Amino acid sequence: MLNIRGIVNDDDALQEQIESVLAESNMQQFLVVSVPEKESKVLLTPYNQVSEGRYLDPNTRTEFAFDHLRRVASDVQDSESSEQEELRASLQKELDTYVEAHYPEGAATVFLHEGSLVSCIVSNKFSPNNYWNGSWRAVWSFNPETKQLNGSTKVKVHYFEDGNVQLDTQSDFAADVPDLPSDTVSVSQKVAKLIGKYEAEFQQGINDGYRQLADKTFKGLRRTLPVTRNKIDWEKIANYKLGGELVNAEQ
Amino acid sequence: MADYDENEQQMDCALDLMRRLPPQNVEENLVTLLEVMPELTEDLLSAVDQPLKVRQDATEGKEYLVCDYNRDGDSYRSPWSNEYDPPLPDGSVPSDRLRKLEIAANEAFDTYKELYYEGGVSSVYLWDMDDSFAGVVLIKKVNDGTVRSKGSWDSIHVIEVVEKGRQARYKLTSTVMLYTVASAAKGDRLNEINLSGSLTRQDDRELPVEDANAHIVNIGRMVEDMEFKMRNSLQEVYFSKTHDIVNSLRSATDLNEARNRERLQRDLFGQLKSRNE
Chain A
256 MLNIRGIVND DDALQEQIES VLAESNMQQF LVVSVPEKES KVLLTPYNQV SEGRYLDPNT
316 RTEFAFDHLR RVASDVQDSE SSEQEELRAS LQKELDTYVE AHYPEGAATV FLHEGSLVSC
376 IVSNKFSPNN YWNGSWRAVW SFNPETKQLN GSTKVKVHYF EDGNVQLDTQ SDFAADVPDL
436 PSDTVSVSQK VAKLIGKYEA EFQQGINDGY RQLADKTFKG LRRTLPVTRN KIDWEKIANY
496 KLGGELVNAE Q
Chain B
654 MADYDENEQQ MDCALDLMRR LPPQNVEENL VTLLEVMPEL TEDLLSAVDQ PLKVRQDATE
714 GKEYLVCDYN RDGDSYRSPW SNEYDPPLPD GSVPSDRLRK LEIAANEAFD TYKELYYEGG
774 VSSVYLWDMD DSFAGVVLIK KVNDGTVRSK GSWDSIHVIE VVEKGRQARY KLTSTVMLYT
834 VASAAKGDRL NEINLSGSLT RQDDRELPVE DANAHIVNIG RMVEDMEFKM RNSLQEVYFS
894 KTHDIVNSLR SATDLNEARN RERLQRDLFG QLKSRNE
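Taken in sequence, the protein lines are chains A and B.
Heads up, this note's numbering is the position in the first sequence plus 255, with the first residue counted as 1.
Heads up, this note's numbering is the position in the second sequence plus 653, with the first residue counted as 1.
The structure is reproduced here in structure tokens:
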């Protein structure tokens with residue numbers, strides 16, 4: 256933040272832009288917000304943005320205003336519930352169980368968006384004093400009509416002690432949910448189970464990737480020591496050429 | 654004086670920003686930054702490390718690496734021929750004495766590069782300073798042999814030398830940029846894991862300069878020691894630290910099992926304690 260101020264050097268122009276930039280950033284990060292007066296936590300995403308600066312919490316059926324600069328929620332109002340509420344609430348319940356089982360500090364909210372149930376999962380760890388941050392963000396969209404499940408999971412890790420190292424990986428999924436039972440609970444259980452299965456596969460893929468990079472790619476770039484298994488004899492190397500140069504110069 | 658301070662402040666902000674932005678987009682970020690602050694172009698180009706580019710020295714039939722230190726305008730000087738490409742009749746070159754040392758350094762580090770990297774390209778550039786001289790040792794190695802993964806290593810070792818009679822003080826600032834990408838095909842999709850960035854370290858030594866080749870020996874040893882340490886740090890940070898962080902975001906196993914186990918242990922401990930009292 257201070258960096259941008261230092262560069263732009265024009266506070267007024269900055270103030271105008273800053274709120275919308277922060278809003279964009281917070282929604283991209285799936286910022287978790289506590290809804291005032293309610294015992295509820297909701298993710299801020301493009302899927303529950305009602306209007307500029309106002310967001311919906313489907314679990315308490317309320318709307319509230321959010322100040323992106325000060326990160327404060329206010330002005331809680333009642334909101335309408337949707338027709339798909341039964342299925343949404345059921346999937347939310349299944350997802351909460353799944354998130355509690357696999358994400359140490361994770362949170363998830365299920366939204367109804369354009370006829371589909373969109374589940375957003377976020378798990379972040381910020382440790383700026385140790386010079387690192389990590390974030391896991393997933394979006395899963397289930398269409399009850401077409402029985403299609405589409406998802407995208409993104410993981411980013413940033414380490415910045417005496418340097419700048421980033422892990423960046425993303426995976427997209429698409430599947431037809433097979434043999435869908437008709438009752439709400441079974442449907443949501445099946446969907447949550449599939450989400451868990453794909454995310455587990457994704458995590459395994461990351462582990463496999465790390466093994467490949469560490470054992471093959473990194474090793475193939477630079478040896479720990481030369482084949483001699485000793486550090487270099489620099490006197491020998493330096494003498495070989497420079498000695499020759501000096502001899503030629505003197506003659 | 655006020656102008657300089659403001660410039661320096663802007664520079665610091667820019668450098669700090671560059672450090673936090675994704676390293677995969679160094680060039681993009683740099684271009685955006687320069688659009689906002691065109692007056693800092695010269696300073697910024699020499700401060701932020703971009704991946705090293707390779708050029709061909711047609712006359713010598715060898716490759717060399719380019720950076721700000723062998724650049725003059727839009728031309729680059731080859732360490733082998735000492736000529737600029739595109740040609741620059743008045744391009745800055747090291748003094749005769751320094752050029753001799755530069756030639757020897759390039760030969761020595763070419764050997765070093767072969768022994769440790771078994772391939773790749775290296776280049777050493779030296780330039781005269783008021784009291785002494787400075788230089789940069791560049792090494793680049795690319796590993797893109799397999800379909801499943803590829804990577805590249807870029808070393809940039811900047812060294813400042815201050816000669817004091819039969820001693821010399823060497824200040825080394827080293828940056829290693831490491832880019833690695835793993836790909837896995839999933840049906841018709843390609844998943845990529847991009848693990849990239851850089852680490853920077855410094856060293857400072859005062860060493861004896863007994864004979865003509867002492868500088869090569871001293872600098873050589875410092876660079877070798879530094880790369881040894883940095884290779885370990887890179888391995889630790891990239892493949893251990895960041896991996897641990899990923900697995901701290903999501904647990905492959907059910908966390909409730911661990912939680913239940915802990916609760917059971919606490920209960921058991923509590924029962925044992927009360928029994929003994």
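Positions of the beta carbon are idealized from the N, C-alpha and C atoms, including for glycine.
Keep in mind the model is a prediction, meaning the values are calculated, not measured.
Whether residue i touches residue j by CB criterion (9 Å)
| i | j | result |
| --- | --- | --- |
| A837(B) | N844(B) | yes |
| S329(A) | E318(A) | no |
| T828(B) | S851(B) | yes |
| N885(B) | G475(A) | no |
| V297(A) | V287(A) | yes |
| Y722(B) | V789(B) | yes |
| R903(B) | E400(A) | no |
| Q347(A) | P301(A) | no |
| P704(B) | M879(B) | no |
| T895(B) | R854(B) | no |
| G748(B) | D781(B) | It should be noted that the sequence gives Ser, not Gly, for residue 748(B). Yes. Within cutoff. |
| T764(B) | I259(A) | no |
| F285(A) | C375(A) | yes |
Anticipated Cβ contact below 8 Å, residue i with residue j, distance rounded
| i | j | result |
| --- | --- | --- |
| N769(B) | S805(B) | Correcting the residue identity first, residue 769(B) is Tyr in this sequence and not Asn. About 15 Å separates the two Cβ atoms, so there is no contact after all. |
| V1008(B) | R822(B) | This structure gives no information on residue 1008(B), because the portion of chain B shown stretches from 654 to 930. |
| Q425(A) | S407(A) | 7 Å |
| V290(A) | V331(A) | 7 Å |
| E955(B) | W733(B) | For chain B, the structure presents residues 654 to 930; residue 955(B) sits outside this window and is missing. |
| E340(A) | S443(A) | About 12 Å separates the two Cβ atoms, so there is no contact after all. |
| Y758(B) | L779(B) | As written in the sequence, residue 758(B) is Ala, which differs from the Tyr given in the question. Right, the Cβ-Cβ distance comes to about 7 Å (below 8 Å), so this counts as a contact. |
| I872(B) | I812(B) | 6 Å |
| F473(A) | Q677(B) | At roughly 17 Å, the Cβ-Cβ gap does not stay under 8 Å, so F473(A) and Q677(B) are not in contact. |
| G361(A) | S378(A) | 4 Å |
| L366(A) | N405(A) | Checking the sequence shown, residue 366(A) turns out to be Phe, not Leu. Wrong, their Cβ atoms sit about 14 Å apart, outside the cutoff. |
| V412(A) | G389(A) | 4 Å |
Per DSSP, cross-strand counterpart(s) of residue i
| i | result |
| --- | --- |
| V394(A) | C375(A), S407(A) |
| Y778(B) | V789(B) |
| V327(A) | D322(A) |
| M830(B) | D807(B), S851(B) |
| H357(A) | According to DSSP, H357(A) bridges with nothing at all. |
| Y729(B) | R724(B), D738(B) |
| E816(B) | A821(B) |
| T710(B) | This sequence places Asp at residue 710(B); Thr is not what is there. According to DSSP, D710(B) bridges with K715(B). |
| T483(A) | Bridge partners of T483(A): none, in fact. |
| I846(B) | T424(A), A835(B) |
| P291(A) | DSSP output for P291(A) lists no bridge partner at all. |
| V899(B) | DSSP lists no partner for V899(B). |
| E859(B) | R822(B) |
| K380(A) | G389(A) |
| S306(A) | R309(A) |
| L668(B) | Answer is none; L668(B) lacks a bridge partner. |
Cβ neighbours of residue i in the same chain (closer than 6 Å, five flanking residues each side left out)
| i | result |
| --- | --- |
| W387(A) | Y414 |
| S699(B) | Low confidence applies to S699(B): its pLDDT is 48, below 50, so where it sits in the model is not reliable enough to give any reading. |
| L921(B) | none |
Cβ-based neighbour list, residue i, same chain, cut-off 8 Å, excluding 5 preceding and 5 following
| i | result |
| --- | --- |
| I461(A) | V410, T424 |
| V707(B) | E716, Y717, L718, V719, V774, K793 |
Neighbourhood of residue i by C-beta distance below 7 Å, restricted to the same chain and skipping five residues each side
| i | result |
| --- | --- |
| R477(A) | none |
| N735(B) | V746, R752 |
| D931(B) | Nothing about residue 931(B) can be reported from this structure: the residues present for chain B run from 654 to 930 only. |
| R858(B) | Y823, M875 |
| T315(A) | V290, K293, S295 |
heavy atom of the ligand MN below 8 Å from residue i C-beta
| i | result |
| --- | --- |
| L367(A) | Looking at this structure, you won't find the ligand MN or any other ligand, since it has none at all. |
Tell me, please, whether the segment 475-493 of chain A touches the segment 764-778 of chain B by the rule of three or more beta-carbon pairs shorter than 8 Å. yes
Counting pairs of beta carbons, one from the segment 903-912 of chain B and one from the segment 351-365 of chain A, are three or more of them closer than 8 Å? yes
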